[in-house]
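A.B. asks: The numbering of the sequence shown is the UniProt record's numbering, which starts it at 1 and goes up by one. The structure's right below; bear with me while I get my questions together.
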Amino acid sequence: MKTLDQRPAEKFAQQMYETRYADNRTKLPQANQIAQFTAADALAADRQLFSSPADITFVIVGNVAEDKLVALITRYLGSIKHSDSPLAAGKPLTRATDNASVTVKEQNEPVAQVSQWKRYNSRTPVNLATRMALDAFNVALAKDLRINIREQASGAYSVSSHLSVDPQAKDISHLLAFTCQPERHDELLTLANEVMVKRLAKGISEQELNEYQQNVQRSLDIQQRSVQQLANTIVNSLIQYDDPAAWTEQEQLLKQMTVENVNTAVKQYLSHPVNTYTGVLLPK
Numbered sequence: 001m002k003t004l005d006q007r008p009a010e011k012f013a014q015q016m017y018e019t020r021y022a023d024n025r026t027k028l029p030q031a032n033q034i035a036q037f038t039a040a041d042a043l044a045a046d047r048q049l050f051s052s053p054a055d056i057t058f059v060i061v062g063n064v065a066e067d068k069l070v071a072l073i074t075r076y077l078g079s080i081k082h083s084d085s086p087l088a089a090g091k092p093l094t095r096a097t098d099n100a101s102v103t104v105k106e107q108n109e110p111v112a113q114v115s116q117w118k119r120y121n122s123r124t125p126v127n128l129a130t131r132m133a134l135d136a137f138n139v140a141l142a143k144d145l146r147i148n149i150r151e152q153a154s155g156a157y158s159v160s161s162h163l164s165v166d167p168q169a170k171d172i173s174h175l176l177a178f179t180c181q182p183e184r185h186d187e188l189l190t191l192a193n194e195v196m197v198k199r200l201a202k203g204i205s206e207q208e209l210n211e212y213q214q215n216v217q218r219s220l221d222i223q224q225r226s227v228q229q230l231a232n233t234i235v236n237s238l239i240q241y242d243d244p245a246a247w248t249e250q251e252q253l254l255k256q257m258t259v260e261n262v263n264t265a266v267k268q269y270l271s272h273p274v275n276t277y278t279g280v281l282l283p284k
């Protein structure tokens, strides 16, 4: 807590984080706040941590299942001090409601880093079958982006596409990210969005779905063969392993997936973004 210095990429990530959430808990402490943090405050924080685990507040950002999160936190607190104190549920971060754009001109390297978050309001909980449909679509979309942006459009060095679901907020986020020549970031972002629109209209094909099913099944087979060995090796780790029953459910849903079901789910959930947040990290 002695410094507020941040590297360019960290500063960019922090600004994008604050932009996506209209919540004071996302803000970094200011210099005057840090200056007022005394030894007595440190002692009070230490006593809170080691004396009364029930008073600790965890701010978790990410796509983590609540049942696994509670078990993880409980195990962590138990490793500090045994306590029967109940853990009160924290408040989820408040989403920003307006579109926003962030530009940071502090990059030390001669490249631009572009991130675009699109948030979709699902209004209803997203079940495993829908998550798998979105995942299958994202695999096809990522391939399109790689071909059209990185391989065909000169000036792009990397590109990625990631979909995540927040079960508490009942929303879906799509992150499009790439690095490119600074002078081409607007052009390539426009092209990337056109690629996504075309893929939404086209949907996925039978061949693409078959490839997805084969890859996921192969991954499930590997996990089931290796997880017991890992569990026996890392007995004291905080790693949380999936319930084997979840694998069985996923295998069953995998066999039931059809092109029609996948494309219907994708158009239902990803056709109308609620918010778009765009960020560009440029050279100095």
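Heads up, the beta-carbon is just placed ideally off N, CA and C, and yes, glycines get one too. On a predicted model such as this, the values are computed, not experimentally measured, just so you know.
When DSSP labels each residue in this structure, what does Lys-105 get in the three-state scheme?
C.D. replies: Looking at Lys-105 - three-state DSSP - the assignment turns out to be strand.
A.B. asks: What's the C-alpha gap between Ala-71 and Pro-283?
C.D. replies: Spanning the two alpha carbons is a distance of roughly 43 Å.
A.B. asks: State buried or exposed for Ile-172, treating a residue as buried only when at least 16 other CB atoms are found within 10 Å of its CB.
C.D. replies: buried
A.B. asks: What is the DSSP secondary structure of Phe-37, reduced to helix, strand or coil?
C.D. replies: coil
A.B. asks: Tell me the start and end of each unbroken beta strand (DSSP E) in the stretch 180 to 210 that is at least 3 residues and wholly inside, in chain order.
C.D. replies: none
A.B. asks: With a cut-off of 8 Å, do at least 3 Cβ pairs link the stretch 195 to 215 to the stretch 137 to 144?
C.D. replies: yes
A.B. asks: Excluding the 5 residues preceding and the 5 following Tyr-277 in the sequence, name in chain order all residues of the same chain whose CB lies nearer than 6 Å to its CB.
C.D. replies: Thr-19, Arg-20, Ala-100 and Trp-117
A.B. asks: Taking 8 Å as the threshold (C-beta atoms), are Leu-128 and Leu-28 in contact?
C.D. replies: no
A.B. asks: In the DSSP assignment, find the alpha helix (DSSP H) that holds Tyr-21 and state where it starts and stops.
C.D. replies: Per DSSP, Tyr-21 belongs to no alpha helix (DSSP H) and is neither H nor E.
A.B. asks: Which residues mark the beginning and the end of the beta strand (DSSP E) in which Lys-118 is found?
C.D. replies: 112 to 121
A.B. asks: Is the distance from the Cβ of Tyr-120 to the Cβ of Leu-270 below 8 Å?
C.D. replies: yes
A.B. asks: Assign Ser-173 to one of three DSSP states: helix, strand, or coil.
C.D. replies: strand
A.B. asks: Is it buried or exposed, Asp-41, if we count other Cβ atoms within 10 angstroms and call 16 or more buried?
C.D. replies: Exposed.
A.B. asks: Where Asn-32 and Thr-38 are concerned, what is the direct C-alpha to C-alpha distance, given to the nearest angstrom?
C.D. replies: Between the C-alpha atoms of Asn-32 and Thr-38 there is a straight-line separation of about 12 Å.
A.B. asks: Looking at the secondary structure, which residues open and close the beta strand (DSSP E) in which Val-139 lies?
C.D. replies: First-last for Val-139: 128 to 145, but that is the alpha helix (DSSP H), not the beta strand (DSSP E).
A.B. asks: Do three or more CB pairs link the stretch 191 to 203 to the stretch 214 to 227 at distances below 8 Å?
C.D. replies: no
A.B. asks: If I'm right that Pro-167 touches Pro-125 with Cβ under 8 Å, what's the distance once you round it to whole angstroms?
C.D. replies: 6 Å
A.B. asks: Strictly by DSSP, which residues pair up with Arg-95?
C.D. replies: Per DSSP, the beta-bridge partners of Arg-95 are Tyr-21.
A.B. asks: Measure the CB-CB distance between Ala-156 and Val-266 and report whether it falls below 8 Å.
C.D. replies: No, the Cβ-Cβ distance between Ala-156 and Val-266 is not below 8 Å.
A.B. asks: Taking only beta-carbon atoms, is Val-111 less than 8 Å away from chain D?
C.D. replies: In the structure shown, chain D cannot be found, because there is only a single protein chain.
A.B. asks: For Ala-201, count neighbouring Cβ atoms within 10 angstroms of its own Cβ and tell me buried if that reaches 16, exposed if not.
C.D. replies: In this structure Ala-201 is exposed. Its beta-carbon is surrounded by fewer than 16 other beta-carbon atoms within 10 angstroms.
A.B. asks: Helix, strand or coil: which one does DSSP assign to Ser-271?
C.D. replies: coil
A.B. asks: Checking 8 Å against the spacing of the C-beta atoms, do Leu-175 and Ser-115 come in under that value?
C.D. replies: For Leu-175 and Ser-115, yes; Cβs fall inside 8 Å.
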